[in-house]
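Residue numbers (my numbering), protein chains in the order written: chain A, 2 to 230; chain B, 2 to 230.
Ideal placement from N, C-alpha and C gives every residue a C-beta, glycine not left out.
Note sheet for the following structure.
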């Protein structure tokens with residue numbers, strides 16, 4: 002989302018694109034290592050002493066990282082140009098080890114798509130993606146489609162239809178704008194597994210009043226917001 | 002869910018209740034440490050060398066944990082008595098650091114409730130819970146209500162209505178059975194923040210054919226399954 006000082010958590014730090022890329026190269030690999038640790042913590046069968054030692058070692062790393070930290074969540078940060086950085090986001094955040102993370106592609110017509118992998122951390126029924134994870138991913142995907150078409154908004158309603166189990170592994174999600182009227186945009190999407198569509202979604206995305214006011218008053222040289230972060 | 006050898010990932014290990022509690026006391030604290038690490042990785046502002054050192058140290062722990070591990074996800078494991086252990090589950094799993102985790106209470110009338118905390122790892126819009134996280138939690142909550150009322154099932158459809166933003170922090174979720182007909186159960190629920198209900202959900206849960214067959218043939222001395230894991 003575009004920067005607006007009226008909503009807490011949208012922070013303008015004016016970082017250069019070069020500095021943003023440097024940070025991405027620094028934090029991305031740490032986050033990936035923690036993601037692997039989440040997976041290994043679920044799946045490990047090492048003996049009890051090794052588990053206790055791992056716990057102590059992780060606690061020690063946490064203490065070091067917490068010697069200097071943000072007071073709250075990451076929020077969305079804005080550099081000198083372009084898109085915000087929702088790096089704590091639970092679906093796409095490059096600093097969030099609980100995020101798969103999805104890398105989502107868009108076009109200007111309101112289409113979005115992503116190829117991604119879900120491992121042991123996303124399990125519901127055995128070997129299957131948790132139904133709630135599918136809904137979480139589709140919420141993000143539909144919101145991104147709305148934004149890609151120039152109609153960003155926050156989720157108003159979301160309906161999921163579960164056609165069959167979604168196996169853990171390599172998956173694809175696709176979303177698109179169905180129609181829009183004023184501040185409301187209807188988007189649709191689905192998740193595709195090895196045997197076709199597993200879950201379908203439809204949602205209404207609504208641009209809130211504060212955002213409409215912010216858009217009306219923002220610097221006209223800034224790019225149109227592409228999605229609602 | 003009850004144990005059935007016909008579906009991969011439901012594993013009967015016949016652990017005693019004492020051994021299960023011992024494992025919970027062993028893995029719970031490691032998982033909590035990793036959960037703290039996920040949060041610290043999002044929020045830390047230590048210098049670059051500290052980040053690189055943390056990455057190396059985490060990678061070393063992962064390598065140790067991976068010297069012996071399950072081939073795939075955790076699945077649901079069954080001891081000698083009672084409930085399964087969905088310890089890798091992305092919402093409630095005691096070994097899953099990506100899970101808040103929710104501790105969900107039930108009664109026999111199909112009501113479920115949970116008080117839980119969502120921190121920086123669950124952010125969507127700044128300072129707010131990701132809409133997809135709310136849908137994920139409500140999917141689990143509605144499924145647990147259906148199971149609590151003796152009507153377990155897999156999610157067929159799920160509809161979310163977002164009334165207002167859900168702030169990160171201490172939250173409550175409640176769910177209940179609305180009605181049921183044959184293999185279909187309609188459940189409802191909501192998330193409550195400091196200013197009241199933020200998201201409402203309604204879903205249909207359906208007992209799949211393989212589960213109906215498994216129930217019909219299972220050991221009649223086993224307890225009725227309380228929810229579909």
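Cβ neighbour criterion (16 or more within 10 Å) applied to residue i
| i | result |
| --- | --- |
| residue 18 of chain B | exposed |
| residue 214 of chain A | exposed |
| residue 111 of chain A | buried |
| residue 102 of chain B | buried |
| residue 205 of chain A | buried |
| residue 45 of chain A | buried |
| residue 80 of chain B | buried |
| residue 42 of chain B | buried |
| residue 197 of chain B | exposed |
| residue 69 of chain B | exposed |
| residue 186 of chain A | buried |
| residue 93 of chain A | buried |
| residue 261 of chain A | With chain A covering 2 to 230 only, the question about residue 261 of chain A has no answer from this structure. |
| residue 195 of chain A | exposed |
| residue 61 of chain A | exposed |
| residue 36 of chain B | buried |
| residue 39 of chain B | buried |
| residue 217 of chain B | exposed |
6 Å Cβ shell around residue i - same chain, five flanking residues per side excluded
| i | result |
| --- | --- |
| residue 14 of chain B | 78 |
| residue 82 of chain B | none |
| residue 199 of chain A | 164, 165, 167, 192 |
| residue 203 of chain A | 160, 189 |
| residue 12 of chain B | 76, 78 |
| residue 10 of chain B | 76 |
| residue 141 of chain B | 92 |
| residue 136 of chain A | 161 |
C-alpha distance - residue i paired with residue j, whole-angstrom precision
| i | j | result |
| --- | --- | --- |
| residue 120 of chain A | residue 85 of chain B | 21 Å |
| residue 56 of chain B | residue 31 of chain A | 5 Å |
| residue 91 of chain B | residue 59 of chain A | 21 Å |
| residue 190 of chain B | residue 67 of chain B | 39 Å |
| residue 75 of chain B | residue 212 of chain A | 43 Å |
| residue 115 of chain A | residue 109 of chain A | 16 Å |
| residue 64 of chain A | residue 96 of chain A | 18 Å |
| residue 34 of chain A | residue 113 of chain A | 28 Å |
| residue 48 of chain A | residue 98 of chain B | 19 Å |
| residue 144 of chain B | residue 182 of chain B | 16 Å |
| residue 177 of chain B | residue 146 of chain B | 5 Å |
| residue 131 of chain A | residue 87 of chain A | 24 Å |
| residue 21 of chain A | residue 28 of chain A | 10 Å |
| residue 54 of chain A | residue 106 of chain B | 32 Å |
| residue 151 of chain B | residue 138 of chain B | 20 Å |
| residue 172 of chain B | residue 117 of chain B | 6 Å |
| residue 127 of chain A | residue 89 of chain B | 9 Å |
| residue 149 of chain A | residue 175 of chain A | 13 Å |
| residue 210 of chain B | residue 104 of chain B | 29 Å |
| residue 26 of chain B | residue 26 of chain A | 37 Å |
Same chain, Cβ closer than 8 Å to residue i, five either side skipped, listed in chain order
| i | result |
| --- | --- |
| residue 129 of chain A | 166, 167, 168, 169 |
| residue 134 of chain A | 119, 123, 125 |
| residue 16 of chain A | 24, 78, 80, 81 |
| residue 157 of chain A | 185, 204, 205, 206, 207 |
| residue 180 of chain B | 186, 187 |
| residue 201 of chain B | 161, 162, 164, 189, 190, 191 |
First through last residue of the beta strand (DSSP E) which encompasses residue i
| i | result |
| --- | --- |
| residue 175 of chain B | 170 to 182 |
| residue 203 of chain A | 197 to 207 |
| residue 165 of chain B | Where residue 165 of chain B is concerned, there is no enclosing beta strand (DSSP E), given that its DSSP letter is neither H nor E. |
| residue 187 of chain A | 185 to 194 |
| residue 78 of chain B | 77 to 79 |
| residue 12 of chain B | 11 to 13 |
Neighbourhood of residue i by C-beta distance below 7 Å, restricted to the same chain and skipping five residues each side
| i | result |
| --- | --- |
| residue 208 of chain A | 153, 154, 184 |
| residue 51 of chain B | none |
| residue 100 of chain A | 90, 91, 92, 93, 94 |
Proximity test, Cβ basis, 8 Å: residue i and chain D
| i | result |
| --- | --- |
| residue 62 of chain B | As a matter of chain content, chain D is missing from the structure shown, whose protein chains are A and B. |
Check: residue i C-beta below 7 Å from any heavy atom of the ligand MG
| i | result |
| --- | --- |
| residue 171 of chain B | For the structure depicted, the ligand MG is absent and the ligand set is empty, with no information on it obtainable. |
Kindly provide the ranges of any beta strand (DSSP E) runs that are 3 or more residues long and lie completely inside the region 100 to 154 of chain A, ordered along the chain.
-> Runs of the beta strand (DSSP E) inside the region 100 to 154 of chain A: 112 to 119.
Mind listing, in chain order, the continuous alpha helix (DSSP H) runs of no fewer than 4 residues lying wholly within the region 27 to 72 of chain A?
-> 49 to 66
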